[in-house]
Each structure stands twice: as structure tokens, then as C-alpha cells.
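Engineer: All the letters of the sequence shown, read from the start, carry residue numbers 20 to 421 under the numbering used here. For every residue, glycine included, the Cβ atom is placed at its ideal position computed from N, Cα and C. Pasting a structure below so you can have a look.
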Amino acid sequence: MVSGSTNRHSGRKDVIMQNDASPGLYVHVPFCRSRCTYCDFHVAALRPGVVSEYVAALVAEIRKYADSGFRPRTIFVGGGTPSALPIDEWKLLLSTLSDSFSGDLVEWTIEANPESICKDKIQIALGLGVDRFSTGAQTFSEKGLSLMGRRHDAERVSTVHQWFSECGVPRTSLDLIVGWPGQDLESIEVDLESVRSIDPDHISLYHLSYEAGTWLHAMRERGGLKPLLDESCIEYSNTFLNGLADQGYQRYEVSNLAKRGGASLHNLNYWLRGEYLGVGSGAASFLKGKRWKNKPDVSAYISKAGKPDQVDVEFPDSQRTMTELIMLQLRLAVGLDTRLFSELTSIDFLDVCGGSLRIFAEQGLLVQEADRIFATDSGFDLLDSIILQFVEDVEKSWNAGT
Ligand code: SF4
20 MVSGSTNRHS GRKDVIMQND ASPGLYVHVP FCRSRCTYCD FHVAALRPGV VSEYVAALVA
80 EIRKYADSGF RPRTIFVGGG TPSALPIDEW KLLLSTLSDS FSGDLVEWTI EANPESICKD
140 KIQIALGLGV DRFSTGAQTF SEKGLSLMGR RHDAERVSTV HQWFSECGVP RTSLDLIVGW
200 PGQDLESIEV DLESVRSIDP DHISLYHLSY EAGTWLHAMR ERGGLKPLLD ESCIEYSNTF
260 LNGLADQGYQ RYEVSNLAKR GGASLHNLNY WLRGEYLGVG SGAASFLKGK RWKNKPDVSA
320 YISKAGKPDQ VDVEFPDSQR TMTELIMLQL RLAVGLDTRL FSELTSIDFL DVCGGSLRIF
380 AEQGLLVQEA DRIFATDSGF DLLDSIILQF VEDVEKSWNA GT
């Protein structure tokens, strides 16, 4: 057995394992009023005529799968900005999902942006079976919100969570971003205090990245802003993680923390390489050994009326499966299941990656316990490099004909 230090923030003991779970359903609502400065997602302008045609096509696609017998265990309605849907489309989409699937669900999440969610929409959603709202706060610093092009102010996030509480929303999540230019320890303290007062049961803590095509990327290339140093990003991230741990949050995935059993079952299914279906323009699916995406084109999606073109179709072979398991499961505090790895690929993880694993364990980055390999806190800081090394090991072994 290879051993090492364990995680202060780890939620390993509490996370619900669900390798045999039935599929999740992701519903993509691509509309936003404006594009945030860091965002490279597939989004479209919010135009009323287009939105109602899009929701009609989405309803047709959902009904098609419901009629074929598809039954999800979890639903996640994301975007884009689902909460920006006008109230009629909000009702139509959610009542279609409720009529089609509600009996079999263990979790139903909707993403809500603070500026576009209201009490009416919350109550309609709750009445139809939604039990979890995820809010894109990103920061409680007005300077940070402005830099990231967000359309809400800090106070609005607290107001929305007050509504969640008054309406009886059972579970809530907040998204936060670490590493934006100009962020400092003082603003992180403000963020942590705001989290303490809102007290959601789930936090997603993302690192800002400068994706090509975004406003922030262009500004950085032009020298119009000064990115934080990598060391500052790590320091700030650790300040967040320590502050959240002090509030009782456990890190169950590299970017996600939960308290009161609030881990996202829908997202856990992705990281465990479970099956899921995506509906809507650009939505990705993995079902019965096949991966594909709906063509990311809102006009084409509308014209296909529920039968969108599929792109990026692939049937992962053993090599691809190994890579996916490494990339997905090492993100989790419970880590990679080496027994499952062998079952799915017919290859022993230790035969292929044992050498690198020993080195990472000696460096205190990874731990092996029984049939699990998981990252320590220091390992999470270097997770990309660890994953890259294992993927190289897999490729080398595959090419050598192991
Ligand atoms: S609200 Fe979300 S999806 Fe829309 S532009 Fe901003 S980050 Fe992108």
C-alpha cells in the first residue's frame, strides 16, 4: 500500500457513491442578456421570438426521450441563464420536465442568476418539483462583479437567497470565482462572510481562466489588465478553502464543497463517468457507450424541432475509457476506483501507472487506500500535471501494446 497525508477538506467519507446510478438529464438554456467577460460557453442573445421557438423545440426533444422510456435520476437545467426565460416559457419548460420525469427524480437543480430570478419563478419551480437552486454569485466585491461583466450587485444575491429561504427551497448552491485581476485577501474575507450569512449547503469555487475569444483574454493580450500571479491564485484559493472548511464545508471534488450532505448528485454522476443525456443546443450526452453533442447552433436546433443533428460522435474504446476515468475520478476526494478501472478496461491501473503513482505518493500528492487512489490538498493544487502524467503513461502503454 502506498500512503501519504490526507485531506483537511476532504469529503471522502460522506460522498455518495453511485456507480450504478441511472442517468442524469442536462437541459441547456443558452440565452443570456449579455456575455460575461470570462465566458466562452455556447450562449445566444435573449430575443423573445427566438426564445419561445427554442423552448418549443426543447419541449419536443424532451417529450421524444420521455416517450422512448428515458427516465433520469437527476435533472440539471443550466445555461446560459435559465432564469432569464420569460415566465410563460419558464412554466412550459418546467411543467414538461415535471410531467415527463418527476416520479423518478432524486434531485432537480436549476441555475438562477441573481438579476433574473424572482419569487414567482421560484414558487412555480418548487411547485413542479425543483428542489435545488444554484446561483451564479461569483463574488461579493462590486469591483469584481463589474470586471467580470456580471449584471447584478452583491446585495441582490443575499436578497435572492432570502427569497429561497422564505419560499422553502430545500437546497441551494453558490458559484464563486477565485483569481480575478484585482482580487485581494480583503475581498475574499467579504466573500467568506457573505457565504456565512447566506449559508448555502453547496459551494462551487472556480479558478478564473482566460479563454480565447473572451473579453478578459483580449484585454490580457493587449496588456490592458494585470492577471494575478499563479502563487497569489493558489494562496487565495487556499484562503477560500480554509475559510469554507472552518464553516463546515467539505471538499468532495476539486472545485466543489458541501455541508449538510449537499453534494450535487447530478455532477457526481459526471465525475463517476455515469451516463447522462443532454437536451438543447450544444448539450453533450453519454449513453450506452456513445458520446455525442447536439450541434451548438440555436437556429439549427429550432429548425430541427426536437431532432437535432449530432456532432462529435464517438464510442470510447479501452484507451479512451482509461483516460476518461483518470481525468474524471481523480477530481473527486474519493478518487479513482482502481477496481472499476480494471472492470471497464481489463487493465490493472497499477501495471500501467504504478511507477508515477509511487513518485506522487512519495511527494505527498496522492494516497492509495484499498482500491482507491485520491489526491491530497497539495495534490489537488497540481491535479492537472498529475492527470497529464497518468494519461501519458496510459498512451505509452497502449502504444506499446500492453
Ligand atoms: S451568465 Fe453564465 S453563461 Fe451567461 S454569459 Fe455569463 S457566465 Fe456565460
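Quick check: does the Cβ of T100 come within less than 7 Å of any heavy atom belonging to the ligand SF4?
Structural biologist: Within the sequence shown, numbered from 1, the residue matching residue 100 stands at position 81. Yes.
Engineer: Check I321 in the structure and name its three-state DSSP category.
Structural biologist: As a first step, residue 321 is located in the sequence shown; it is residue number 302 there, counting from the start. I321: helix per DSSP, three-state reduction.
Engineer: My output table needs one value for H285: the three-state DSSP class, helix, strand or coil.
Structural biologist: Residue numbering aside, residue 285 sits at position 266 when the sequence shown is read from its first letter. It is helical.
Engineer: Return the Cβ separation of Q408 and S375 in integer angstroms, given the expectation that the two are a contact with Cβ distance under 8 Å.
Structural biologist: The residue labelled residue 408 in the question sits at position 389 within the sequence shown. The residue labelled residue 375 in the question sits at position 356 within the sequence shown. Going by Cβ atoms, the distance from Q408 to S375 rounds to 5 Å, so yes, they are a contact pair.
Engineer: May I ask you to check if the CB of V62 is nearer than 7 Å to at least one heavy atom of the ligand SF4?
Structural biologist: The sequence position of residue 62 within the sequence shown is 43, counting from 1. Indeed, a heavy atom of the ligand SF4 lies less than 7 Å from the Cβ.
Engineer: Return the bridge partner residues of V46 from the DSSP annotation.
Structural biologist: Counting from 1 along the sequence shown, the entry for residue 46 is found at position 27. DSSP lists V96, V298 as partners of V46.
Engineer: Excluding the five sequence neighbours on either side, which residues of its own chain have a C-beta within less than 8 Å of the C-beta of G232, listed in chain order?
Structural biologist: As a first step, residue 232 is located in the sequence shown; it is residue number 213 there, counting from the start. Hits under 8 Å: D59.
Engineer: Assuming N313 is part of the beta strand (DSSP E), what are its boundary residues?
Structural biologist: One-based indexing of the sequence shown puts residue 313 at position 294. 309-313 is the span of the beta strand (DSSP E), which, as asked, contains N313.
Engineer: Mind listing, in chain order, the continuous alpha helix (DSSP H) runs of no fewer than 4 residues lying wholly within the region 333-393?
Structural biologist: Taking only runs of at least 4 residues, the alpha helix (DSSP H) segments lying wholly in the region 333-393 are 337-348, 357-364, 368-381.
Engineer: Could you tell me the alpha carbon to alpha carbon distance between N418 and P246, rounded to whole angstroms?
Structural biologist: As a first step, residue 418 must be located in the sequence shown, where it is residue number 399. As a first step, residue 246 must be located in the sequence shown, where it is residue number 227. Answer to the nearest angstrom: the Cα atoms are 40 Å apart.
Engineer: So for N418, helix, strand or coil by DSSP?
Structural biologist: By 1-based counting over the sequence shown, the position of residue 418 is 399. Of the three classes helix, strand and coil, the one that applies to N418 here is helix, per DSSP.
Engineer: Ignore the nearest five residues each way along the sequence and tell me which others in F95's own chain have a CB closer than 6 Å to its CB.
Structural biologist: Stepping through the sequence shown from its first residue, residue 95 is reached at position 76. Y45, T128, H285, listed in sequence order.
Engineer: Less than 7 Å between the CB of R175 and some heavy atom of the ligand SF4, yes or no?
Structural biologist: Here residue 175 refers to the residue found at position 156 of the sequence shown. Incorrect: R175 has no Cβ contact closer than 7 Å to the ligand SF4.
Engineer: Does the distance from the C-beta atom of R391 to that of D356 stay below 8 Å?
Structural biologist: Residue mapping note: residue 391 aligns to position 372 of the sequence shown, counting from 1. Residue mapping note: residue 356 aligns to position 337 of the sequence shown, counting from 1. For R391 and D356, yes; Cβs fall inside 8 Å.
Engineer: Within 10 angstroms of its Cβ, does Y138 collect 16 or more other Cβ (buried), or is it exposed?
Structural biologist: Locating residue 138 in the sequence shown gives position 119, where the first residue counts as 1. A quick correction: the sequence has Lys, not Tyr, at residue 138. K138 should be labelled exposed.
Engineer: Among the residues of its own chain, which have a CB less than 6 Å from the CB of L235, if the five just before and after it don't count?
Structural biologist: Sequence index remark: in the sequence shown, residue 235 carries index 216 (1-based). Answer for L235: T56, Y57, Y229, listed in chain order.
Engineer: Assign Y225 to one of three DSSP states: helix, strand, or coil.
Structural biologist: The count along the sequence shown starts at 1 and reaches residue 225 at position 206. Of the three classes helix, strand and coil, the one that applies to Y225 here is strand, per DSSP.
Engineer: From what residue to what residue does the beta strand (DSSP E) around D194 run?
Structural biologist: Counting from one through the sequence shown, the residue named residue 194 turns up at place 175. 190-197 is the span of the beta strand (DSSP E), which, as asked, contains D194.
Engineer: Taking Cβ positions only, does S337 come closer than 8 Å to chain C?
Structural biologist: The chain labelled as chain C is not found in the depicted structure, where only one protein chain is given.
Engineer: Would you decide whether I321 is buried or exposed? Buried here means 16 or more other CB atoms lie within 10 Å of its CB.
Structural biologist: Numbered from its first residue, the sequence shown carries residue 321 at position 302. I321 is buried by the Cβ-count criterion.
Engineer: Going by DSSP in three states, A277 sits in which element: helix, strand or coil?
Structural biologist: As a first step, residue 277 must be located in the sequence shown, where it is residue number 258. Correct three-state label for A277: strand.
Engineer: If you draw a straight line from the C-alpha of G155 to the C-alpha of E294, how long is it?
Structural biologist: As a first step, residue 155 must be located in the sequence shown, where it is residue number 136. As a first step, residue 294 must be located in the sequence shown, where it is residue number 275. Cα-Cα distance, rounded: 26 Å.
Engineer: Distance check for G354 and S29, CA to CA, integer angstroms please.
Structural biologist: Working through the sequence shown from its first residue, we reach residue 29 at position 10. Working through the sequence shown from its first residue, we reach residue 354 at position 335. Any reading at S29 must be qualified, since the residue scores a pLDDT of 49, below 50, and its modelled position is unreliable; the value itself is stated next. Rounded to whole angstroms, S29 to G354 spans 11 Å at the Cα level.
Engineer: For G201, which beta-bridge partners are listed by DSSP?
Structural biologist: Position 182 of the sequence shown, counted from the start, is the residue given in the question as residue 201. Answer is none; G201 lacks a bridge partner.
Engineer: For Y255, which three-state DSSP category applies?
Structural biologist: The count along the sequence shown starts at 1 and reaches residue 255 at position 236. Y255 falls in the helix class under three-state DSSP.
Engineer: Distance, Cα to Cα, K415 vs L359?
Structural biologist: On the sequence shown, position 396 is the one that residue 415 refers to. On the sequence shown, position 340 is the one that residue 359 refers to. When rounded, the distance between both Cα atoms is 21 Å.
Engineer: Identify whether Q142 lies in helix, strand or coil by the three-state DSSP scheme.
Structural biologist: On the sequence shown, position 123 is the one that residue 142 refers to. Three-state result, Q142: helix.
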